[in-house]
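Residue numbers (this note's numbering), protein chains in the order written: chain X, 1 to 484; chain G, 1 to 427.
Heads up: the structure comes next, in structure tokens.
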Amino acid sequence: MLTFDDTPAKWMIYPAVLFLVLGMSFGVFIAFNGFVFPDYFSGEYIHFGKIRPIHVGHVTLLWLLSANIGLFYYFVPRLCGVPLWSPNVAYVSIALWWPALILGTYSYPWGTNFGWEYAELPVHVGLFPTKLMFTLAFALVAFNLYMTVATRRYEKMYVSLWYTMGTMFWTLFTVLVGFYIINWVPMGISRVNVSFFYVHNLVGLIFTPMGLAQAYYFLPKLANTPIYSHRLSMIGFWSIAFVYAWIGAHHIIHGPVSQWLQTTSIVFSIWLFIPVWTVVTNLFATLKPQWSEYTQSAPIRFIMMGNIFYLLTCIQGPLMALRNVNEITSKTDWVIGHSHISLYGTFTFFAIAGIYQAVPVMVKKPLWSNKLANWHFSLNLFGSIPFMLSLWIGGFWQGMLWSTWADGGTYAAFHNHLTELPFLQTVADMRPFWIWRAIGGAIVLFANMLFAVNIFNTIILPEKDPLQERKLPLSSVGNAKAAL
Amino acid sequence: MTPPLHNNFFYRLEKSAVITFIGVILLFSCAVVVTLIAPSLVDPSWTLPASSYQVQMYEVVDPNIYISGSQSGGADLQFAYHLKNNESLLSFEETEFSRIVAPPDLEKYITHQGERPLKLTSRLLMLRKPIKGVQTSFNAYEMAEALRQKLQEDWEEKNPQWKEQGLTKFDYAISELYALDAQEGFAVAPPDVILENWISSDFVFVDTKLQDKELPPGVVYISNPKEYRIARFSNGNTLEWKYDPNGEIISSIEALKSHPLGFRSRAELISLGEKVFAAEGCWYCHTDQTRTLVQDVVANGSESYPAPPSSANEYIYQKITFPGTRRIGPDLSRVGVKRPSRDWHKAHFWSPKTASEGSIMPAFQHFFDYDPRGTAHSPTGVPNLSFEAIFQYLMTKGTRITPPTEAWWLGKDPLNTMDIIEGRKEI
């Protein structure tokens, strides 16, 4: 039997779990300090504008991207039947990765925020060229994974490998565009357009294929059942490749960009229904013969709930791109709800499921507590409901309130509506929703603290009861055949 | 390590897979070309300016208007134009109560009261109070006094009953036009200047170098420049300064920019303001786009006129543009028109919750320096560089789309937003 050196995966996943909790703490902090008790803790280094990018930097890069790469280090060798091509290259990449992201993210309060959404990472912090370090680290990850696939023993490439290879190329391209090429295009709207290409592809061509690669690997693995249709998964893969690059401009519908570009992005946004249906159908059909597993295993629940959230997010996305829906939802909390259901509800759930499967295998011990994992899932789900529903309902309502300014036929009538309902009143009306959002967020944070405790106890503590091992499907040390 | 069974990366690659692969790469490149590269080339509004006024504001005015908040003992800003011979356009206009005397060779630059076209020159000339006792071939002081007497006599003739009517005798402001013996100089600019003098018709260049050139569609010019002078004084051990029309002249741009004067050009401040806007994260809560929606043009409009939707060319002078994705606070794309008052922004940045009730915006008290001596007599601290930068940056929003004479807030919006939203015009 093959053995795998999982040290690189551990070096990516363990800190990522910590940053998940930290990032969510920053999120809960701003939910309270920005909205429930506005500016209670006040000052240059702590106000909303300084802490928000720290929250986003944590959950997108320090947690999700890092965890995803850690899970790639875990399952790509197992799907290829060979060890990681070069652990040393992985170590170099890790040595660049963490300092770049930690320094970059924690420097925002000192005024290093670069100013493009999701590309806030500063060019340098002190003597550290953080942007370059991050890019280099990612290039090394991509190189290492490509070489692992190239030297594989199993001939047939499972869909997760396709997604991995796709996302490695796309991420590199997207990062280069969003970090560097953006400065070469003319100033103004041309850069905005490039920025939104980057912003959307970060989700569409980075987190989506990474998350789906995990779902396709870990669901069959956890439920011990083959994937329903490899062909369907491949259709999903290629349609993602086809659709996502076109739709960046749907972030500025009704905005100062050319109408034809807006229309193009809307048309391709509608196409998104194809990849999402392939994924959702495929994952549900995969679990169908083993449906009882859903009640037995928290990680499977995470994947299936993530799958449902994925369906929701990908129904929302194309609909929000429609001009008339966009008129109401755009620029409101609906957008925040949408970004959380995709990055948290879907891809964080997938990554959590992956970590639940991978960590016991890597440390060759069963999960410390299955009970805690069940609580983790339930609290995550129940916390996410007030959290996301309040954002959607509140956001939609605020959009409707704003649209009352467009009632009437004359400017005098429009302006009259505006005097009756000033902007600040629509802010005040959001307060109950913001309270629910903060409460939901706090529950989610608490749930993920349990997750961190569970994972680190699994790693550190000795096995509780050796007999327990037999009962747990999780503890089966994975071998390369897994999902094939 | 077990050697791989095959050296071929794509083992047993089917023909259909190859075609798909090539197809997807083609489509991806196609997407990049169409969505990233084509728009700037196809749509001229992405790269061409909104108006000649916008170009001149960013390229001519901003680099040459200098602002300092550091005048000793005052919270008010100091503004100075940097005038350059053969570059800066100047006008010398008389009004009903102000007259200009000039030596015979400079007479041609004066636009007398009610006279048109407006005479503009790029020769470096300025106005000053005629000084007694300066003996040259042209005796400005005597000429000015004679003119004043004559004007007052004329006025008395016109209003013979002025004492009985309780009128005050007019005192005419008479200045002397003189040529600076230098290639550059500094002139007083009006306080809180956001809009510049603009003329698009009925003007003429009185200058041999510019005369032959075709007249542009309109120009920004400086009216009646007076030299910016300062007085230095010491306060304990520190050397301080203040504006003084009779003080010393400023020798060079370096002297203007260095301590203790500490002037910065508005171009520098706007650029810094953009960085402050990014670093403080203003853009997470404020959008910078009036969308093509009725609610947006109404919310950003004035009492009488809607604000035109933002167009791509408004942003072409910004390194980073913040169209925004979330509107937690109001949109800022027309803030230069909606909130032009520096005092309003001072109070608002200091404490948004008190300045606009119900606001959830954080306080930005780090935009102000502590004022230990209380000399600024300001309820807030003394605004520092961050404040001046963000203020100048915000004041560019919505004010530069069209010249002030054809502005949307006067109802002269070129897009006819009013007609569109009231349904008289289709887009």
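Yeah, the Cβ is synthetic: ideal placement off N, Cα and C, and Gly gets one too.
### Message
Is it the case that the stretch 380-399 of chain X contacts the stretch 240-253 of chain X, given that we only count it when at least three CB pairs across the two stretches are under 8 Å?
### Response
no
#### Entry: Short Cβ contact (9 Å threshold) for X:V276 with X:L311
yes
### Message
For a minimum of 4 consecutive residues, which ranges assigned as the alpha helix (DSSP H) are wholly contained in the stretch 253-325 of chain G?
### Response
253-257, 266-279 and 294-299
### With 16 other Cβ atoms within 10 Å as the buried cut-off, status of X:W184
exposed
### Task
Return the chain-ordered list of same chain residues with a C-beta closer than 6 Å to the C-beta of G:K257, the five sequence neighbours on each side being excluded.
F263
### Query
Quick one, which residues of the stretch 178-201 of chain X are near chain G if we go by CB-CB under 7 Å, in chain order?
V185, P186, M187, G188, I189, S190, R191, V192, N193, V194 and F197
#### Entry: Against chain X: residues of the stretch 18-31 of chain G by CB proximity under 7 Å
T20, V24, L27, F28 and A31
### Rounded straight-line distance, which links the Cα of G:N224 to that of G:F391
26 Å
#### Entry: Assumed close pair X:L445, X:H376 - CB separation to whole angstroms, cut-off 8 Å
Rounded, the Cβ-Cβ distance is 12 Å, inconsistent with contact.
### Task
Please report how far the alpha carbon of G:I431 lies from the alpha carbon of X:I341, in whole angstroms.
The structure shown does not extend to residue 431 of chain G, since chain G is modelled only from 1 to 427, so the question has no answer here.
### Task
Find out if the Cβ-Cβ distance for the pair X:V59, X:Y411 is shorter than 9 Å.
no
### Task
Note down, in chain order, every chain G residue with its Cβ under 8 Å from the Cβ of X:Q397.
The question names Gln, yet the displayed sequence has Trp at residue 397 of chain X. Under the 8 Å cutoff, chain G gives no residues; its nearest Cβ is about 14 Å from X:W397.
### Message
Between X:I266 and chain G, is the shortest Cβ-Cβ distance under 9 Å, so that the two count as touching?
### Response
no
### Query
Under the DSSP definition of a beta bridge, which residues are partnered with G:D343?
The partner list for G:D343 (beta bridge, DSSP) is empty, contrary to what the question assumes.
### Task
Go through the stretch 365-407 of chain X residue by residue and report every complete run of the alpha helix (DSSP H) that reaches 4 residues or more, in order.
370-403
### Neighbourhood of X:P87 by C-beta distance below 7 Å, restricted to the same chain and skipping five residues each side
D5, T7 and P8
### Message
Suppose the cutoff is 7 Å on Cβ atoms and the five residues either side in sequence are ignored; what does the same chain contact list for G:T396 look like?
### Response
I270 and G336
### Query
Would you call the stretch 432-446 of chain X and the stretch 364-376 of chain X touching, i.e. three or more CB-CB distances under 8 Å?
no
### Message
So that I know if they touch, is there some Cβ in chain G lying closer than 9 Å to that of X:N479?
### Response
Reliability of the predicted coordinates at X:N479 is poor, the pLDDT of 41 falling under 50, and the value obtained from them is presented with this limitation in mind. Not an interface residue.
### Partners in chain X for G:W350, counting only beta-carbon separations shorter than 7 Å
Those within 7 Å of G:W350 in chain X number zero; the least Cβ separation is about 12 Å.
### Which of helix, strand or coil DSSP assigns to X:M147
helix
### Own chain partners of G:I65 with C-beta closer than 8 Å, once the 5 adjacent residues on each side are dropped
F79, A80, Y81, H82, A189, V193, S265 and R266
### Task
Measure the alpha-carbon distance for X:G395 versus X:T426 and round it to whole angstroms.
10 Å
### Task
Count the other CB atoms, across all protein chains shown, that sit within 10 Å of the CB of G:R291; report buried if there are 16 or more and exposed otherwise.
buried
### Task
For the stretch 35-48 of chain X, enumerate the residues whose C-beta is nearer than 8 Å to any C-beta of chain G, in chain order.
F35, P38, D39, S42, G43, E44, H47 and F48
### Task
Closer than 8 Å by beta-carbon distance: list the chain X residues that pair up with G:H366, in chain order.
G43 and E44
### Run of the alpha helix (DSSP H) containing X:W277, from where it starts to where it stops
F273 to L287
### Query
Should G:L239 be flagged as near chain X, meaning a C-beta pair shorter than 9 Å?
no
### Query
With C-beta atoms as the reference, is G:P160 less than 9 Å away from G:A144?
no
### Query
What in chain X is Cβ-close to G:P44, meaning under 8 Å?
Correct list: empty, because the minimum Cβ distance to chain X is about 10 Å.
### Query
Within 10 angstroms of its Cβ, does X:I315 collect 16 or more other Cβ (buried), or is it exposed?
exposed
### Query
X:T7 by DSSP, collapsed to three states: which one?
helix
### Message
My assumption, with CB atoms under 8 Å, is that X:G399 sits in contact with X:F349. Please give the rounded CB distance.
### Response
In fact, because the Cβ distance is near 27 Å, the residues do not count as touching under 8 Å.
### Message
So, under 8 Å CB-CB, G:Q152 and G:K169 are touching, yes? Tell me the CB distance rounded to an integer number of Å.
### Response
7 Å
### Message
Going by DSSP in three states, X:K471 sits in which element: helix, strand or coil?
### Response
A caution first: X:K471 carries a pLDDT of 49, below 50, which makes its placement in the model unreliable, though a value can still be read off. Residue state, collapsed to three classes: helix.
### Query
Taking any Cβ of chain G, which residues in the stretch 103-130 of chain X have a Cβ under 9 Å from it, in chain order?
Y108, W110, G111, T112, N113, F114, G115, W116, E117 and E120
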